[in-house]
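Counting in numbering that gives the first Met the number 0, the sequence shown runs from 0 upward without gaps.
We put the CB at the ideal spot given by N, CA and C, even for glycine.
Small disclaimer: the values here were computed from a predicted structure and weren't measured.
Okay, so here's the structure we're looking at.
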Amino acid sequence: MDQVIKGGTLPRREVVAGLLENRDRMLVVTGLGSASYDVMAAGDHDNNYYLWAAMGSAVTVGFGLAMAQPERPVVVITGDGELMMGLGALASVALKKPANLTIAVLDNGHFGETGMQESHAGRGIAIDQIAASMGFPHTQCITDEADLPDFRDSLETCGGLRLAVLKIKPGNEPRVLPSRDGVHIKNRFRGALGFQPI
């Protein structure tokens with residue numbers, strides 16, 4: 000088994016901003032907490048679907064969206080703690096293998112929202128290896144900024160199911176809060192997809 004890397008040195012805000020820079024048709028679902036703040040800090044967008052009070056649900060929401068919008072690239076940006084709360088969702092995703100879904104896990108090895116306690120990933124759980132064992136065709140663990148451009152280029156394609164663990168530096172950045180109005184977020188996102196508000 001490969002050695003597990005705990006935490007990392009990648010600067011989270013810069014990494015997320017780089018992933019979303021010059022985006023085209025990409026639909027983005029965020030895990031609650033820091034992932035939402037990072038995506039919002041990179042620039043609010045009608046194609047962002049921010050989750051509030053739904054810990055463990057980012058992958059399932061992204062999965063449903065990818066199945067419903069197979070021609071659009073869907074990117075889930077979430078933290079290691081949030082993903083571990085809904086780990087079983089990876090099995091369902093792996094069985095269907097939507098070719099337009101990428102899961103980007105911001106892994107700092109800690110629960111950032113509750114006081115920076117060490118997380119499962121921080122104690123040695125390798126999320127990319129779990130995904131690979133479930134049948135994800137493309138998994139990787141990114142520890143070096145030099146590997147980010149190729150990963151970023153893959154996000155705008157529908158070239159196969161992917162999961163990447165991005166080993167980011169532990170710490171909490173200043174909060175940049177998206178709207179907490181769930182109806183507004185939903186209707187704005189639906190409108191961006193060409194649907195009427197409900």
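Along the chain, where does the beta strand (DSSP E) that runs through residue i open and close?
i: Q210; result: This structure does not reach residue 210, given that the chain is present from 0 up to 197, and the question cannot be answered.
i: G78; result: 73 to 78
i: A103; result: 100 to 106
Hey, could you find the ends of the alpha helix (DSSP H) residue i is sitting in?
i: G63; result: 57 to 67
i: L86; result: Note, L86: premise wrong, no alpha helix (DSSP H); not H, not E.
What is the DSSP secondary structure of residue i, reduced to helix, strand or coil?
i: Y49; result: strand
i: E70; result: coil
i: F150; result: helix
i: I124; result: coil
i: S178; result: coil
i: L31; result: coil
i: E81; result: helix
i: E172; result: coil
i: E155; result: coil
Measuring alpha carbon to alpha carbon, tell me which of the options ends up nearest residue i.
i: K157; options: I102, E144, G170, E81; result: Note that residue 157 is Cys in the sequence shown, not Lys. That would be I102, whose Cα lies nearest to the Cα of C157.
i: R11; options: M25, V28, H119, Y36; result: Y36
i: A65; options: L31, R24, E117; result: R24
i: G32; options: F110, A98, L86, P169; result: F110
i: D149; options: E13, G17, L9; result: G17
i: E144; options: K166, H137, G159, E20; result: K166
i: W51; options: H183, T8, L89; result: H183
i: R179; options: A40, Y49, P136, L26; result: Y49
i: G181; options: L162, T8, P196, N171; result: P196
i: L100; options: Q68, E20, L19, G190; result: Q68
So what does residue i bridge to, in DSSP terms?
i: K185; result: The partner list for K185 (beta bridge, DSSP) is empty, contrary to what the question assumes.
i: I167; result: L9
i: L162; result: I102, T138
i: L18; result: Bridge partners of L18: none, in fact.
i: E117; result: H109
Can you give the beta carbon distance from residue i to residue j, rounded, assuming they're within the 8 Å contact cut?
i: G61; j: V75; result: 4 Å
i: T29; j: N47; result: 7 Å
i: D106; j: V164; result: 5 Å
i: V58; j: L26; result: Not really, about 14 Å apart at Cβ, beyond 8 Å.
i: M133; j: A90; result: 5 Å
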